[in-house]
Every structure is written in structure tokens, then in C-alpha cells.
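Chains as they are written, first to last, in the working numbering: chain A, 1 to 151; chain B, 152 to 254.
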């Protein structure tokens with residue numbers, strides 16, 4: 001017959017196992033609602049622990065000068081810097097500025113390309129958040145013509 | 152969601168460029184349907200990728216990513232024959248994983 005002491009000891013072992021087993025690789029990868037609700041570029045950056053954004057030649061944002069279709073605009077964010085924790089892609093004039101956030105691990109280049117929806121012509125930003133919280137950005141204006149010819 | 156992702160993984164030098172095309176509506180939650188009701192947001196929130204079983208990428212997306220999302224990234228040290236898996240999870244809790252071999 002199991003004593004109460006034994007039962008409690010066993011429960012604690014199981015609880016300890018659960019606590020360690022349930023720990024995900026990227027603990028901070030849970031969807032950051034605050035970041036995606038942020039209306040401004042700076043607010044979204046702050047939600048990921050970034051400080052005040054400052055422009056930097058070492059970060060690159062790629063995108064078309066004129067996007068024929070605002071529903072599918074290819075946007076790329078990259079940097080050659082080391083020590084980058086996250087790369088963010090933002091469209092300033094969208095209802096919520098943040099489009100995507102990429103965790104940069106040692107195994108990948110800090111270079112990501114995706115396609116985003118743009119509600120209107122706007123500046124698009126690539127922000128690199130460094131390990132020390134510094135937020136460096138590059139921006140570019142992308143004009144959007146929802147239909148018809150460019151310009 | 153029912154359609155598999157198309158993953159192309161190409162080794163070049165000491166890294167592999169991975170291109171993924173996912174099949175997903177990515178409803179922004181801003182659109183209204185014919186009756187005037189707002190179509191609820193339905194979009195991929197989390198994307199993760201592994202290289203030979205080791206997590207290499209994790210990303211959070213918002214509703215602004217385009218429908219049938221495209222993603223391109225580069226994995227260092229990946230060579231031909233390595234396995235790449237990509238997983239997405241959307242805001243309804245649905246998830247999908249697909250795998251490709253680096254060529």
C-alpha cells in the first residue's frame with residue numbers, strides 16, 4: 001500500500017518531468033498579439049523588445065518601386081550584421097503596421113522574402129532587432145496601383 | 152489548407168535557399184462579404200522550419216501576408232540530401248507540415 005509520502009514524491013517527479021518536457025525550443029515564439037495590433041512601426045518594434053528605431057545602411061528592404069497589385073507585393077528584409085535576434089517587415093500605412101517577424105537563429109541567414117498585402121502606397125520597413133535591443137531599420141517607398149497601368 | 156505546400160530547397164555553396172509556397176486564404180479580417188458582414192480573420196500565425204530535425208526558423212505572421220503565402224529563406228550548412236520540414240499553424244489552430252529534400 002503506497003504511503004502518502006510516496007504518492008507526493010512521485011507526483012513531484014512527474015510534475016518536474018512535465019515542466020521540462022513541455023518547454024518549446026523557441027519559447028518566445030508564441031504569437032505576439034501586441035506586436036500585430038500595434039499601429040505604428042515603433043510600437044511594433046517595442047513589442048518585441050526593440051528600442052527606438054534608427055536608420056542604418058546595414059539593413060536592406062527590397063520591394064518594387066510600384067506594385068501593380070496591392071494584394072501581393074514581394075518584400076524582402078535582410079542584413080549582413082551579426083547578432084541579430086529578429087527581422088521585422090512592416091508596412092507603415094496598413095491597418096496594423098507589422099506584416100511578419102522572423103526569429104534569426106545561427107542556422108539561417110538574416111535574409112527573408114515574402115509577399116504582403118498593402119492597402120495603399122506606403123513606406124515599407126525592414127527592422128533588425130539586435131541582441132542588445134537596438135533596432136535598426138531601412139525603409140523604401142512602394143507605390144500601389146490597385147488596378148490599371150502603373151504611374 | 153488541404154493542399155500541400157510546395158517546397159523547393161536548392162543547395163548552393165555552403166547554404167541552401169528554401170522557397171515555400173503555402174496554400175492558405177490569409178483572410179485579413181478587413182474584407183466584407185456580399186451581405187456586408189465582415190469576413191473573420193483567418194491567417195497563418197506561426198511558421199517553423201527544421202533542417203534534419205533541428206529547428207532553424209520560427210516566424211510570426213499577421214493577416215497582412217498575402218494569400219497563398221510565399222516565403223524564402225536560406226539555411227546555412229545545408230547540403231544536398233538534407234531534410235527540410237516547414238510547419239505552419241493558423242489562428243484557428245489548424246496546422247500543416249510538409250517536407251522536402253535539399254537538391
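Idealized CB from N, CA, C, for every residue including glycine.
| Query | Result |
| --- | --- |
| Cβ contact (3+ pairs, closer than 8 Å) linking the segment 190-206 of chain B and the segment 162-176 of chain B | yes |
| Reduced DSSP category for residue 46/A - H, G, I as helix; E, B as strand; rest coil | helix |
| For residue 207/B, three-class secondary structure by DSSP | strand |
| Inter-residue Cα distance where the pair is residue 104/A and residue 78/A | 11 Å |
| Any C-beta of chain A under 8 Å from that of residue 212/B | yes |
| Close-in-space but distant-in-sequence residues of the same chain around residue 182/B (CB under 8 Å, 5 per side omitted) | 189, 190 |
| Cross-chain neighbours of residue 220/B in chain A, by beta carbon under 8 Å | 114, 115 |
| Local conformation of residue 3/A per DSSP, three classes | coil |
| Same chain, Cβ closer than 7 Å to residue 120/A, neighbours up to 5 away in sequence not counted | 93, 144 |
| Boundaries (first-last residue) of the alpha helix (DSSP H) holding residue 33/A | 33-37 |
| Backbone secondary structure at residue 120/A - three-state DSSP | coil |
| Nearest-angstrom Cβ-Cβ length linking residue 135/A and residue 61/A, presumed shorter than 8 Å | That belief does not hold up - the Cβ atoms of residue 135/A and residue 61/A are roughly 14 Å apart, past 8 Å. |
| Separation of residue 12/A from residue 109/A, as counted between CA atoms | 42 Å |
| Short CB-CB distance (under 8 Å) between residue 109/A and chain B | yes |
| Any chain B beta carbon closer than 8 Å to residue 96/A | yes |
| Short-range partners of chain B found in the segment 63-79 of chain A, where Cβ spacing is below 7 Å | 71, 72 |
| Contact under 8 Å by Cβ, residue 231/B with residue 217/B | no |
| Helix, strand or coil at residue 237/B [DSSP, three-state] | strand |
| Beta-carbon spacing of residue 250/B, residue 214/B below 8 Å | no |
| Among 248/B, 252/B, 172/B, 226/B, nearest to residue 74/A - alpha-carbon criterion | 172/B |
| 8 Å CB neighbourhood of residue 100/A in its chain, flanking five on each side removed | 88, 89, 112, 114, 116 |
| Of the listed residues 84/A, 6/A, 9/A, nearest to residue 50/A (C-alpha basis) | 84/A |
| Min CB distance residue 197/B to chain A below 8 Å | yes |
| C-beta atoms of residue 55/A and residue 138/A nearer than 8 Å | yes |
| Start and end residues, beta strand (DSSP E) containing residue 99/A | 98-104 |
| Straight-line Cα distance separating residue 45/A from residue 38/A | 9 Å |
| Under 8 Å (Cβ pairs) to chain A, residues found in the segment 219-240 of chain B | 220, 221, 222, 223, 224, 225, 226, 227, 228 |
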